[in-house]
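Residue numbers (the working numbering): 5 to 206. In what follows, a structure is listed as structure tokens, so that the remarks can point back to it.
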């Protein structure tokens, strides 16, 4: 069986499930495994004989309105790219498909080699943060297949080739998922095969 609502401490479903399990388990010698990541973190009574951690193995909290960092978890996956162009834009210039974002003033706009073809969420809105050389910058305009644009105001030293983190160390996947009205699970599962994978030991 599986805990359906363990991520919401205010919901009574988990307690009811645990009571139901206790009632139908005739012999305590029968091994029980019911605890998912949320059960492990929030419902000690669910631990049974074995637990089944999932999303927490990636350093992400399954709990509502909480990040893995708040639980002492460390992200084990970082989605990273680089700045491939910097464009000086004028006040009133439209950025991205549909021209949905308009420059409020003369400003530099950076182009990052990352799009929904790589698994970055297409519905991430303007304002979604990225980390550029360890400092936050905001996405502007729509996510395209191969690129996103970011606001470089406040990033005077930005240069082509600079590292850009889309989520991971320093930028929780849970936060990006919230901006994109999805969940961190979907972000991780959505990274496509064209993204180069690197494994770092330790």
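Ideal Cβ placement from N, Cα and C applies to all residues, glycine included.
Residue 40 to residue 100, Cα distance in whole Å? 41 Å
Would you kindly work out how many angstroms separate the C-alpha atoms of residue 46 and residue 26, rounded to a whole number? 18 Å
Have a look at the DSSP bridge pairing and note the partners of residue 93. 111
Compute the beta-carbon to beta-carbon distance between residue 60 and residue 44, rounded to the nearest angstrom, for a pair I have assumed lies under 8 Å. 7 Å
Under a three-way DSSP split, which group does residue 174 fall into? coil
Tell me the residue span of the alpha helix (DSSP H) that contains residue 27. 17-28
What are the boundary residues of the alpha helix (DSSP H) that includes residue 45? 41-46
From 83, 64, 82, pick the residue whose C-alpha is nearest to that of residue 74; which is it? 64
For residue 68, does the count of other Cβ atoms within 10 angstroms reach 16, so buried, or fall short, so exposed? exposed
Are the segment 172-185 and the segment 91-105 touching by the rule of at least three beta carbon pairs closer than 8 Å? no
Residue burial classification, residue 85 (beta-carbon count within 10 angstroms, cutoff 16): buried
With residue 191 as the anchor, note down where its alpha helix (DSSP H) starts and where it stops. 188-194
Quick one: what does DSSP say residue 84 is sitting in, helix, strand or coil? strand
Taking just the CA atoms, how far does residue 156 sit from residue 34? 59 Å
Indicate the three-state DSSP secondary structure (helix, strand or coil) for residue 49 in the structure shown. helix
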